Every structure is written in structure tokens, then in C-alpha cells.
Amino acid sequence: MFLPIVMAGGTGSRLWPLSRSVYPKQFLSLTSDNTMLQDTVLRLAGSEHKAPLVICNEASRFMVAEQLRAINALQSPIILEPVGRNTAPAIALAALQAVADGSDPVLLVLAADHVIAQQAEFLKVITKAETLAEQGAMVTFGIVPSHAETGYGYIKRGNEQGDAYQVASFVEKPDLATATEYFNSGEYYWNSGMFMFKASRYLAELEKHQPQILAACKKAIGNTASDLDFVRVDKAAFEACPDDSIDYAVMEKTGSAVVIPLDAQWSDVGSWSALWDVNNKDQNGNAAKGDTILHDTNNCLVQGGDRLVATVGVEDLVIVDTKDALLVAAKDKVQNVKQIVSKLKNDQRSEHEFHREVYRPWGKYDSIDNGERYQVKRITVKPGAKLSVQMHHHRAEHWIVVSGTAKVTNGDKDILLTENQSTYIPVGVIHALENPGKVDLELIEVQSGSYLGEDDIVRFEDKYGRV
1 MFLPIVMAGG TGSRLWPLSR SVYPKQFLSL TSDNTMLQDT VLRLAGSEHK APLVICNEAS
61 RFMVAEQLRA INALQSPIIL EPVGRNTAPA IALAALQAVA DGSDPVLLVL AADHVIAQQA
121 EFLKVITKAE TLAEQGAMVT FGIVPSHAET GYGYIKRGNE QGDAYQVASF VEKPDLATAT
181 EYFNSGEYYW NSGMFMFKAS RYLAELEKHQ PQILAACKKA IGNTASDLDF VRVDKAAFEA
241 CPDDSIDYAV MEKTGSAVVI PLDAQWSDVG SWSALWDVNN KDQNGNAAKG DTILHDTNNC
301 LVQGGDRLVA TVGVEDLVIV DTKDALLVAA KDKVQNVKQI VSKLKNDQRS EHEFHREVYR
361 PWGKYDSIDN GERYQVKRIT VKPGAKLSVQ MHHHRAEHWI VVSGTAKVTN GDKDILLTEN
421 QSTYIPVGVI HALENPGKVD LELIEVQSGS YLGEDDIVRF EDKYGRV
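Following UniProt numbering, the numbering of the sequence shown begins with 1 at its first residue and continues without gaps.
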């Protein structure tokens, strides 16, 4: 029985504007009704495994917990990385956590943002890999290539070793001519970034090849704090950890690396064109989602949002509409979307980081309008949820209930508000908002003042540990 390790950290830029740094692709529903994180966990159904152990960053913690809870998969505390240090330290934290009770499970290391269409074949290969891992092998999964691809690293296979091959070498992303040679040779696989090995074996290899990483991770995991559904490691110790990938730190150096071929329609959905590849298409080669009308349109990806998207006489385009940004790109140029994200960062615009609709542990808010001294939000509070007890130095707030029931603390008063009722929170007054009901609370918040930034919050109490 193996232990799945799901790495759900990382930020997304190649699928902008749908994917943003605080809401990357692993939390999006791109190829099914579930998010990519949920699909990663659900595709393990049918195998014998322990409750998945998920690793993510601080900013994503509530989103991860909520998505796991929605599929009844929140069975183990989520490990929080205080800072990003790449995959080798993240896996080390998970391995150290796995052996803390004296056990030594086989770890199946998965990224939370992959698509694997053929689940049965995936589980079949996992079973083979688990046997090899039990015998001490450091298994990596090599994707059988369907074409010459320059966007992936490659693994060259060596001598056959049962159901796998010895790893001859790991190769960086090639140019097209080299990728074509790799593809035609039949000796190379795409590097999937998925692995399987015993926890103790990984820790031993890390100690041998990158002892500084292991020492820092031991120190970090040796001083943890529990917080709701999360395990927080020592921030200072983890910040001192070297930044390195598992490929560079361990897999390229170990003498026990084997690659097992996987041919299960895998994709890391690393671009909009890759998403077009894996999605269902109509008779004209179009992959469309949302409210769309396509006329005389061919081989396009059209992703609608909250409004109708109509196309006429176009082909080979990617069109992605969100509440605050619209992307139109040639399908063969989508790798350059990251240049748009860089421009947004340089211009200090928020669209690279946040959507207009922002998720919080208590629900979400949608910034529907704003001006120089005002901002209007539509706020949704889940049943039983409560925002922090807080105050603002620079803004006043008007709350109007649209549906549901609000329990409001306004200074020294506690009041209940229902549909069409409202209250006013002056600048500097301590206040709180809670949903005591059984259905979502929907309200409109109008902020007014000299500064409306999200950092103008002084928290006094918070059930989510944000004080």
C-alpha cells in the first residue's frame, strides 16, 4: 500500500488569464467538472493506497483544503511550505513526515496539475512501479512520446530491467531537430516529473548527494505547529534550505534510477495549445467551453466566462475570456503568454496575481466596480463561516444583504440582518461578519475612503489563524 504525495504548490503563468499566481491551474476545472487537483487524487481510485499527503504554499492552503474536502479526501494534514524551495525539499518534507511514525511507505510523487486520460493504464503501471520501489529502485515515469516535443525534458533509457529500464541520462529540453532525433530513435521518453520510491530510500539518497537539503528539512519538520487542517514547518529552517529539483539533487546522481514507460495520454497542460490538444473538439476542430457561438471557425480554443463569446471567420486562435481580462492569441504563439504576465508584473498591475473574484476560507468576493475613492464588492459567506474581527484605518463600509442572514458585530452592537437590510461601518470601528444560517449569505459591500487596499486590515480575532 503506497502513500501518494501530491505537490500542489507553484504558480501559473502559461495559462493566463485563467491561471494566476494565487489561483494557478491545479485549482481550475480545465478538462473535467473537477479541478486538476481533485482529478489527481480521484484517479488513484481502484488502487490500494494510504490517504494522500498534500504539500502546498501558504497562500493556497484554504483552497487546497476546500477542494480536498469537497471530494472527501481531506484525511491527512496538509504540509505548508513557508517559501518555495523546489521539488527536492518539498518531497523531503513529505518523506520525513511519512517515516515519523516508524513506518517506511513507498511514496508515489505526483504533480497536482497533470492530465492522464487512461486511468486504467496509469494504475497498471503504478502497480509495476510499486514492486520495483519495494526492491529499492528509484522509479521515474517516462511518457511514451507521441511526437517530437521541445517543451519537455527527456529521459534516455538504458538496459532493460524487468518492467523498466535503467536511466541512461536525463536530457534538458531540446531544439526541434534534436527532439526529432529523440522521437525517431525510440530510446527517449518525456520526463513526467512523477516518481515512486521508498521514503527511506529517498532520504538516504538525499543525504548522500545533497546533505544540506536533508539537514534543513529535518530541522524544519522537527519544529512543526498544527493549525486547523495544516502542518506548519519551521520557517527560518526551511528558508535556509537550498533550492533544487529532485532531478538535479537525486535522480541524475543516484545509481538506482529506473524509468518505467507510461503510455496513458498524459499531458502537463503547459500551454493553451496543450489544453486544446487534450480537450474534446467539434467537427471543425474547435474546443469550446462556456457560453459560445462559433461560426465559420476552425481549430480554435474558445474559453468563455460570464458573457457570450462569439467568433466569425477565424482559425487557429486561442480566445480566453475572464471577468477582468481577455486573451486572444495565435495557437502557435501561446508560449509567449508569459511575456504578457511579465509586462503586468513590471507595470505593477494586479491581473497577473489575482482574479476579480477572490476566494477566501470563509467564501469569496467579486470586485464588481471601483473608482478613485470607492469600491463595490459582491461577498459570499459560506454557512457557519465568519470573517475576522477587524477594523480599517482608511475606509468605511456599507453592507446590504441580498440573500441569507448576516450576524454583524458593529462596534458594541450585535445585529441580525436579512434580505434588503443594511448597516454602515464607520472608519476605525471594530466589526465582524458571520453567516449563522444554512444557506450562503450574499451581500453587497460598498467601501469608501482614501485607501482601499486589502492590507488596510487590523485583525483582532480570526478562526483561520490569520491574526
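Where is the CB? At the ideal position from N, CA and C, for every residue including glycine. A quick note: this is a predicted structure, and the numbers were derived from the prediction, not measured.
Which residues DSSP lists as bridging residue i, in chain order
i       : result
Trp-399 : Thr-423 and Glu-445
Thr-292 : Val-309
Arg-232 : Leu-80 and Ala-225
Trp-190 : Ile-143 and Tyr-154
Gly-363 : Arg-360 and Val-381
Gln-202 : What sits at residue 202 in the sequence shown is Tyr, not Gln. Note: Tyr-202 sits in no beta bridge, so no partner.
Glu-434 : Lys-386 and Lys-407
Arg-20  : Tyr-23
Val-302 : Ala-288 and Ile-319
Arg-61  : Arg-61 is not bridged to any residue.
Arg-69  : Looking at the DSSP assignment, Arg-69 forms no beta bridge with any residue, so it has no partner.
Glu-239 : Answer is none; Glu-239 lacks a bridge partner.
Phe-197 : Leu-107
Tyr-182 : For Tyr-182, which the question treats as bridged, DSSP gives no partner whatsoever.
Beta carbon of residue i nearer than 9 Å to that of residue j
i           : j       : result
Glu-434     : Ala-385 : yes
Val-328     : Leu-317 : yes
Arg-61      : Phe-197 : no
Arg-157     : Glu-187 : yes
residue 478 : Gly-465 : Outside the displayed span of the chain (1 to 467) sits residue 478, for which this structure offers no information.
Val-144     : Tyr-189 : yes
Val-125     : Pro-261 : yes
Ser-388     : Val-467 : yes
Tyr-182     : Val-167 : no
Gln-303     : Val-320 : yes
Ser-13      : Ser-21  : yes
Trp-272     : Leu-294 : no
Ser-146     : Ile-155 : no
Gln-375     : Ile-400 : no
Met-7       : Thr-87  : yes
Phe-195     : Ile-79  : no
Ile-425     : His-398 : yes
Gln-118     : Gln-265 : yes
Contact belief for residue i with residue j at Cβ below 8 Å, rounded distance in angstroms
i       : j       : result
Phe-2   : His-49  : 5 Å
Tyr-202 : Ala-287 : Actually they do not touch by this definition, with Cβ atoms about 39 Å apart.
Ala-199 : Pro-105 : 6 Å
Leu-53  : Ser-76  : 5 Å
Glu-81  : Gly-9   : 6 Å
Ala-394 : Asp-455 : Just to set this straight, residue 394 is His in the shown sequence, not Ala. Not confirmed; about 10 Å, so no contact.
C-beta neighbour in chain B for residue i, strict 9 Å
i      : result
Arg-61 : The chain labelled as chain B is not found in the depicted structure, where only one protein chain is given.
**Study point:** Entirely enclosed beta strand (DSSP E) segments - the stretch 246–277, minimum 3 residues
**Key:** 257–262
Check your understanding: Three or more C-beta pairs closer than 8 Å, one from the stretch 136–153 and one from the stretch 237–244: is that the case here?
Key -> no
Check your understanding: Is the stretch 438–450 close to the stretch 370–387, with three or more CB pairs under 8 Å?
Key -> yes
Review point. Within the chosen definition, does the stretch 321–336 reach the stretch 347–356 through at least 3 CB pairs nearer than 8 Å?
Key: yes
Practice item. Could you tell me whether the stretch 39–55 touches the stretch 338–350, using the rule of 3 or more Cβ pairs below 8 Å? Key: no
Review point. Are there three or more Cβ pairs, one per stretch, closer than 8 Å when the stretch 177–184 is compared with the stretch 106–119?
Key: no
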